[in-house]
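Down below is the structure, laid out as structure tokens.
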Amino acid sequence: MPKIDFVKSKIADADALMRLINVWRFQSNKIVFTNGCFDLLHKGHLHLLLNATNSDEKLIVAINSDKSVRKLKGSSRPIMDEESRLLLVASLSYVDAVILFEEDTPLELIKLIKPDFIVKGGDYKEEDVVGADFIKEYNGEVRIIDLLEGFATSSIEEKIRNASES
Numbered sequence: 001m002p003k004i005d006f007v008k009s010k011i012a013d014a015d016a017l018m019r020l021i022n023v024w025r026f027q028s029n030k031i032v033f034t035n036g037c038f039d040l041l042h043k044g045h046l047h048l049l050l051n052a053t054n055s056d057e058k059l060i061v062a063i064n065s066d067k068s069v070r071k072l073k074g075s076s077r078p079i080m081d082e083e084s085r086l087l088l089v090a091s092l093s094y095v096d097a098v099i100l101f102e103e104d105t106p107l108e109l110i111k112l113i114k115p116d117f118i119v120k121g122g123d124y125k126e127e128d129v130v131g132a133d134f135i136k137e138y139n140g141e142v143r144i145i146d147l148l149e150g151f152a153t154s155s156i157e158e159k160i161r162n163a164s165e166s
């Protein structure tokens, strides 16, 4: 199978994702969920995703659609279109599945998937993580991963803007 086909096979819709999750659960794997825009993938994103799971866990990354990113971040975003963002994240060896979502938050997706863990970066407090209350109802957990200082899409965007003005 060509490598691009393998990468594309990790991009799932809800039905395909649920089939994967059923297989993984049958194999006694835990399901880890995280989400974000992943616009201008950078070292901070990689740090979060790399540290999100342990060896017996499968990582699902939900990515905001272009429309959702514009609503959350403003009309100048996203910088990279949703297809590019999906492919980039899916190409990471430690990401098991990627799914696009249109809503403002991934709560409905979390309710569908019922992950064992939700992972977010250190700029979040556990009580502010979307879906935290829901997963605690069935003993799921929230993991907060320390941020890698100095890495944020907004700071990269600012550097680009400043460079173009010089």
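With our numbering as the guide, the letters of the sequence shown map in order to residues 1 to 166. Quick reminder that beta carbons are idealized off the backbone N, C-alpha and C, glycines included. Being a predicted model, the structure only gives us computed values, none of them experimental.
Contact under 8 Å by Cβ, residue i with residue j
| i | j | result |
| --- | --- | --- |
| residue 39 | residue 77 | yes |
| residue 98 | residue 135 | no |
| residue 86 | residue 11 | yes |
| residue 53 | residue 32 | yes |
Residue i (DSSP reduced to helix, strand or coil)
| i | result |
| --- | --- |
| residue 16 | helix |
| residue 35 | strand |
| residue 64 | strand |
| residue 50 | helix |
| residue 77 | coil |
| residue 92 | coil |
| residue 44 | helix |
| residue 119 | strand |
Residue nearest to residue i in terms of C-alpha spacing, selected from the options
| i | options | result |
| --- | --- | --- |
| residue 171 | 24, 119, 31 | The requested residue 171 does not occur in the structure, where the chain is confined to residues 1 to 166. |
| residue 101 | 9, 13, 4 | 13 |
| residue 61 | 122, 74, 91 | 91 |
| residue 105 | 19, 68, 126, 16 | 68 |
| residue 138 | 144, 115, 41 | 115 |
| residue 121 | 143, 25, 111, 24 | 143 |
Burial state of residue i (16 or more Cβ within 10 Å)
| i | result |
| --- | --- |
| residue 59 | buried |
| residue 2 | exposed |
| residue 35 | buried |
| residue 82 | buried |
Residue-chain proximity (residue i, chain B), Cβ-Cβ < 8 Å
| i | result |
| --- | --- |
| residue 25 | Going by chain labels, chain B is absent from the structure shown, which holds only one protein chain. |
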